[in-house]
Amino acid sequence: MDKKSKIPEFLYGPQETMAYMAFEMDGVFSAVHHVLRQMTNVDGEAAPFRPKSMLDFGAGPGTASWVAKEFFDESLNEYRLVEPSQSMMDAAAVVMEGFRGLSFRKSLSEMKREIVKGKQYDLIVVSFVLSDITNDFERIAVMSTLWSLLAENGRLVIVDRGNSWGSLQVRSARQFILDSLTANAEEMVESNDATPRIEGGKVLGPCPHQKECPMQEGEWCHFVQRTPRVIQPRLPTTQRWAGYASMKFSYVTLEKKAGHNSEKDAATRTELPHARLTRGPILSNRHVTLDLCHPEGTMERRSVTKGRAERDVYRAARKAHWGSQWPATKESYELPKVVHPPKRRKKMSAKKLAARAGKLVADV
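Under this note's numbering, read the sequence shown as residues 153 to 516, first letter to last.
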């Protein structure tokens, strides 16, 4: 895409803001809630994640900040919302009244002074905004700035739409960060500094590896979260729930770690015993087919067959959810094959052999 060519920006006025809050906000809330819940359940954490400050980029009416408050209300004491729409900021100011340390900016360019002073945040959420940025050059600049604003041991959460375009933006942002970390690590090692401090990071989820996304062309990584569909009060009915709506989304969670690089972490994460289901299980009569993203950075289709796996494992496979974890090695749950020794034919006694021979002679 040419640097000068841009997709026209969609501006949120008062009517668009009200429509977003009425029909889109609940789905975005459920998707971000799912991601933060998965982030807080990361395996192998020595200490729980307790952010003190949050940057909500492309905040809208503050949906992601509301979710973060639900998970980290005890530790969060600063919320910085970056949102270009004045109508969205007005809505967020009303919805988020009473939040500790609440402040607004219209763009990252308004934070230049803070960036120069080294201001950083423990948690940065980019919620359904990368696919709305008009060109690739702005996306790269945004991701580079946000990573520099992320504090050490902080976490960057990127959530976007669950279609091919939204998943592409999430995948591109993930790969840009990992490539930047690898290049930075190589540059620091080759420098003459006696004690180089390598700024690194790792992918917490959903990927079980630090390598390039193994999804083939025409496929995209996305997940789904069901949320109750609310009927608007103005409708002439006493019913307030109308089934469930499915919100499809793509996401990635990254953590900044000093002294780590993606290649070193890849070797470590390869040893983890869990893969990730990239689709819902395909059920058949006596076996279940699972599509897995493997810790070795490959896609694998695996079958769990009744009778060859433990009973509880087979039941768990049939009830597995899209996006849940699954053992990376099938040897950990498959039953060992029982090899029975060949049956030996009993030797016939001389008396029986003589009787059988006599019978054959009589028949002739």
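Cβ coordinates follow ideal geometry from the N, Cα and C atoms, glycine included. Just so we're clear, the structure is a prediction, and the values are computed from it rather than from any experiment.
- By the neighbour-count definition (other C-beta atoms within 10 Å, threshold 16), Lys504 is an exposed residue.
- By the criterion of a C-beta distance shorter than 7 Å, Arg438 is surrounded in its chain by Thr457, Lys458, once the five residues flanking it on both sides are discounted.
- Rounded to whole angstroms, the gap between the alpha carbons of Phe209 and Val278 is 5 Å.
- Runs of the beta strand (DSSP E) lying entirely within the region 253-308, each at least 3 residues long, are 254-257, 273-279 in chain order.
- In the three-state reduction of the DSSP assignment, Gln477 falls in the strand class, which pools E and B.
- Distance check between Ser324 and each of Cys359, Cys365, Gly357 places Cys365 closest, using alpha-carbon atoms only.
- For the options Glu369, Val309, Gly270, Val465, the alpha carbon positioned closest to that of Leu188 is the one of Val309.
- Excluding the 5 residues flanking it on each side, Arg470 has same chain C-beta neighbours closer than 7 Å at Pro433, Leu435, Val440, in chain order.
- Tyr231 sits in a strand when the DSSP states are folded into three classes.
- A check of alpha carbon separations from Gly212 across Phe289, Phe251, Gly165 identifies Gly165 as the nearest.
- Out of Gly314, Trp478, Leu275, the CA that lies nearest to the CA of Ser455 is found in Trp478.
- Taking 8 Å as the upper bound for CB-CB distance, Arg252 and Arg232 are not in contact here, some 12 Å apart.
- Around the CB of Gly395, fewer than 16 other CB atoms lie within 10 Å, so the residue is classed as exposed.
- Here the alpha carbon of Val180 sits roughly 30 Å from the alpha carbon of Gly352.
- Taking a 10 Å sphere around the C-beta of Arg265, we find fewer than 16 other C-beta atoms and assign the residue as exposed.
- Of the residues assessed, Pro358 falls on the buried side of the cut-off, its CB having 16 or more other CB atoms within 10 angstroms.
- In this structure the region 292-311 does not touch the region 237-255; the number of beta carbon pairs closer than 8 Å is below three.
- For Asp464, the uninterrupted alpha helix (DSSP H) segment begins and ends at 463-470.
- Per DSSP, reduced to three states, the secondary structure at Gly179 is helical.
- In the structure shown, the three-state DSSP call for Arg326 is helix.
- With contacts defined as CB atoms closer than 8 Å, Leu282 and Val322 qualify as a contacting pair.
- Looking from the CA of Gly306, the closest CA among Lys363, Phe175, Ser217, Leu356 belongs to Leu356.
- Burial of Ala244 is indicated by the presence of at least 16 other C-beta atoms within 10 angstroms of its C-beta.
- In this structure, Leu228 sits near Ala220, with a CB-CB distance shorter than 8 Å.
- Partner residues in the beta bridge of Phe209, as assigned by DSSP, are Val234, Val278.
- The C-beta distance from Ala427 to Ala480 rounds to 5 Å, short enough to fall under 8 Å.
- Taking C-beta atoms under 8 Å as the contact rule, Ser402 and Asp312 qualify, at a distance of about 5 Å.
- Ranking Pro236, Val404, Cys445, Ala502 by CA distance to the CA of Ala183 puts Val404 first.
- Taking the CA atoms as reference points, Glu176 sits about 31 Å from Lys354.
- The shortest CA-to-CA distance from Met263 to any of His446, Gln368, Thr297 is the one to Thr297.
- Lys354 has Glu407 as its beta-bridge partners, per DSSP.
- Assigned with DSSP and collapsed to three states, Tyr396 falls in strand.
- The beta-carbon separation of Ala472 and Leu444, rounded to 10 Å, does not stay under the 8 Å limit for a contact.
- DSSP places Ser402 within a strand segment (E or B) once states are collapsed to three.
- Counting only the Cα atoms, Gly314 lies some 26 Å from Ser239.
- Contact between His361 and Glu448 holds, with the beta-carbon distance rounding to 7 Å and staying under 8 Å.
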